[in-house]
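Number of protein chains: 2
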Amino acid sequence: MSALHDDVLDALGRRLVSGDLAVGTVLTLDDIDTEYDVSRSVSREAVRVLGSMGMVASRRRVGLTVQPRSSWQVFDPRLIRWRLDSEDRAAQLRSLGELRSGFEPVAASLAARRATPDQCGALTTTVGEMVVHGRAGDLEAFLAADIAFHRLLLEASGNEMLAALGGVVAEVLSGRTHHHLMPTKPKDEAIDLHVEVARAVRSGDVRAARAAMEAIITEATDAVVADSTTLGGDGEHA
Amino acid sequence: MSALHDDVLDALGRRLVSGDLAVGTVLTLDDIDTEYDVSRSVSREAVRVLGSMGMVASRRRVGLTVQPRSSWQVFDPRLIRWRLDSEDRAAQLRSLGELRSGFEPVAASLAARRATPDQCGALTTTVGEMVVHGRAGDLEAFLAADIAFHRLLLEASGNEMLAALGGVVAEVLSGRTHHHLMPTKPKDEAIDLHVEVARAVRSGDVRAARAAMEAIITEATDAVVADSTTLGGDGEHA
DNA sequence: AAGCCGAAATAAATCTGATCTTTAACGGAG
DNA sequence: CTCCGTTAAAGATCAGATTTATTTCGGCTT
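Just so you know, the sequences run in chain order P and Y. Each residue of the first sequence is one higher than the one before, starting from 30 at the first, in the numbering used here. Each residue of the second sequence is one higher than the one before, starting from 30 at the first, in the numbering used here.
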């Protein structure tokens, strides 16, 4: 297997997220070498990546200091997944929901202005799949179509940075489903809203596209909140 | 100096952004060792970070492959700075502007709902500094206050992910100023809008906060576009 | 003769242990 | 109490050994 340093990175990342390695903690490369029984450059490379994610900082003669959460690179998909897999899940989903309520409506309105015919076609096809799998109650297939839909829309916005958020949205959607924070059968209203977004984008209706997307996020946030308060937000991993 | 690998990282990053190392190019660690006259572990650590940013992928027996731009971690402040320093500047600022138009109004409305008295006070103080330095035409001091203002607002939103975008906004603002894409003296209207945001947040006026922030982004985008079309968008570095 | 399978060669990433460099911390002099 | 030289701890770097996956080449089958 080609992933020694990657294993260490993953292990350390999860410990940082869980708070096992609290902010302000200092540890040394030597500690890591010993703890995980790896050689210097392995620990070093793992730590270097953690450093580039703003999670630790290294100073000679001092060691590695765990940085405050405010300096963490919270858009890194790896960090998002670590957090969705941790106790932090509920807070993470709330944050992400508010974030989505910012950029997805913008993406929808830009898409209504800029989407190519091809992109409109793809959106329509994908939304069709959502309808089919949603009605059938096939959650996995629905999830795949849902992710594809949001990815397509973000790409159709013609903005590379919005497009880059596709990974973030994908993590949110699949995290939500796999941790059982979704109803067992997607709600009709939610599906209808996706249909409406596709229609609005196709017909270049900027306002309608934006409004429908806003409604999607609101609905999604409410649904998750309702579920997590009911169930204590502690679903199992798939 | 303790930054060999960081130098290499920076150099490679800029070459990737500029397209000097085009997508699909393969190179080896050995190439890098030779090119920059460094040892294996130095190049390795630089490459590992580039990998974590989605810019290159490494495979045994093949080498390092430059990845398509769609998989780049475009929210990494380092990548943002590289792009703002490159030919890509105009496109990057446009993307960032559209992105900001998504999340900053949301942050403003959340801040109007959640900001603590302390945060309101800090906002007021900072906006005062913007007024003073703006009137005096002290661009550097104005920039510092501007950055502080947006950072404070994002933090006051009570959303860690929005707060994390403070670095992105900081890069945009300082990039804009240092590349001379700003008027030599900040416009009164722009300053007034910041004052209005602070007021709205203080009085818990969600709608007004959002509206004023939307106006700030719109104004900023228009100003940059106007400048960059006039000047060809080719300012010098400070 | 053409195509296919498997073993050896090899190129490149990966990992190791040792050495070098920096700097926080300590302690004595002023 | 402050300043400055000493020291050793910890990260940074290096050269070299190891692993692994691709490629190539020879022999076998059709």
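No residue lacks a Cβ here, since even glycine has one placed at the ideal position from N, Cα and C.
Against chain P, does residue i count as a neighbour if the rule is that its beta carbon must be under 9 Å from one of theirs?
| i | result |
| --- | --- |
| A120 of chain Y | yes |
| P134 of chain Y | yes |
| H34 of chain Y | yes |
| R73 of chain Y | yes |
| E200 of chain Y | no |
| E184 of chain Y | yes |
Please report the distance separating the alpha-carbon of residue i from that of residue j.
| i | j | result |
| --- | --- | --- |
| A240 of chain P | V135 of chain Y | 15 Å |
| D16 of chain P | V235 of chain Y | The question about residue 16 of chain P has no answer, for chain P in this structure spans 30 to 267. |
| L58 of chain Y | L93 of chain Y | 8 Å |
| G83 of chain Y | E116 of chain Y | 21 Å |
| V198 of chain Y | A165 of chain P | 44 Å |
| L41 of chain Y | M211 of chain Y | 29 Å |
| M159 of chain Y | L168 of chain Y | 10 Å |
| A173 of chain Y | S68 of chain P | 43 Å |
| S186 of chain Y | A120 of chain P | 14 Å |
| P146 of chain Y | G233 of chain Y | 11 Å |
| I220 of chain Y | A86 of chain Y | 45 Å |
| R110 of chain Y | T154 of chain P | 38 Å |
| E74 of chain P | R73 of chain Y | 8 Å |
| D175 of chain Y | V201 of chain Y | 11 Å |
| V19 of chain P | E133 of chain P | One cannot answer for residue 19 of chain P here, as it falls past the ends of chain P, which runs 30 to 267. |
| E178 of chain P | V226 of chain P | What sits at residue 178 of chain P in the sequence shown is Phe, not Glu. Each residue's alpha carbon lies about 10 Å from the other. |
| S100 of chain P | G204 of chain P | 24 Å |
| V46 of chain P | R112 of chain P | 6 Å |
| A181 of chain P | G195 of chain Y | According to the sequence shown, residue 181 of chain P is Leu rather than Ala. Roughly 27 Å separates the two Cα atoms. |
| L56 of chain Y | L191 of chain P | 30 Å |
Are the C-beta atoms of residue i and some chain Y residue less than 9 Å apart?
| i | result |
| --- | --- |
| A144 of chain P | no |
| A225 of chain P | At residue 225 of chain P the sequence reads Glu, which differs from the Ala that was named. Chain Y, which has no Cβ nearer than 9 Å to the Cβ of E225 of chain P, makes this no. |
| R44 of chain P | no |
For residue i, count neighbouring C-beta atoms within 10 Å of its own C-beta (all shown protein chains included) and say buried if the count is 16 or more, exposed if not.
| i | result |
| --- | --- |
| V91 of chain Y | exposed |
| T63 of chain Y | exposed |
| T247 of chain P | exposed |
| G261 of chain P | At G261 of chain P, the pLDDT of 41 sits below 50, so the modelled position is not reliable; the number obtained from the coordinates is stated separately. Under this definition G261 of chain P is an exposed residue. |
| V161 of chain P | exposed |
| R89 of chain Y | exposed |
| H266 of chain Y | Unreliable placement is indicated for H266 of chain Y, whose pLDDT of 42 sits below 50; the coordinate value is still reported in the next sentence. Classification for H266 of chain Y: exposed. |
| P215 of chain Y | buried |
| G150 of chain Y | exposed |
| D105 of chain Y | buried |
| A193 of chain Y | buried |
| T206 of chain Y | buried |
| A51 of chain P | exposed |
| E189 of chain Y | buried |
| E127 of chain Y | buried |
| G131 of chain Y | buried |
Give me the chain Y residues within the contact set of residue i, using Cβ-Cβ distance strictly less than 7 Å, ordered along the chain.
| i | result |
| --- | --- |
| D105 of chain P | Q102 |
Output, in chain order, the set of chain P residues within a Cβ distance shorter than 9 Å of residue i.
| i | result |
| --- | --- |
| D191 of chain Y | Here residue 191 of chain Y is Leu; the residue named in the question, Asp, does not match the sequence. Per Cβ cutoff of 9 Å: S124, E127, L128 and G131. |
| L139 of chain Y | E127 |
List, in order along the chain, the chain Y residues whose C-beta lies closer than 9 Å to that of residue i?
| i | result |
| --- | --- |
| S70 of chain P | R69, S70, R73 and E74 |
Name the chain P residues that come within less than 7 Å of residue i, Cβ to Cβ?
| i | result |
| --- | --- |
| S232 of chain Y | Neighbours of S232 of chain Y on chain P: none; closest Cβ ~22 Å, over 7 Å. |
| S81 of chain Y | V78 and S81 |
So which residues on chain P does residue i lean against when the C-beta distance must stay under 8 Å?
| i | result |
| --- | --- |
| V156 of chain Y | Those within 8 Å of V156 of chain Y in chain P number zero; the least Cβ separation is about 22 Å. |
For residue i, which residues in chain Y fall below 8 Å Cβ to Cβ?
| i | result |
| --- | --- |
| R98 of chain P | E189 |
For residue i, is the beta carbon positioned less than 8 Å from some heavy atom of the ligand FAD?
| i | result |
| --- | --- |
| R129 of chain Y | This structure does not include the ligand FAD; it has no bound ligands of any sort. |
**OP:** Output the residue ranges of the alpha helix (DSSP H) runs that lie fully inside the stretch 180-239 of chain P and measure 4 residues or longer, sorted by chain position.
**Re:** DSSP runs (the alpha helix (DSSP H)) wholly in the stretch 180-239 of chain P: 189-193, 195-207 and 217-231.
**OP:** Only counting runs of 4 or more residues, tell me where the alpha helix (DSSP H) segments fall wholly within the stretch 122-180 of chain P, in order along the chain.
**Re:** Qualifying alpha helix (DSSP H) stretches, in chain order: 146-165.
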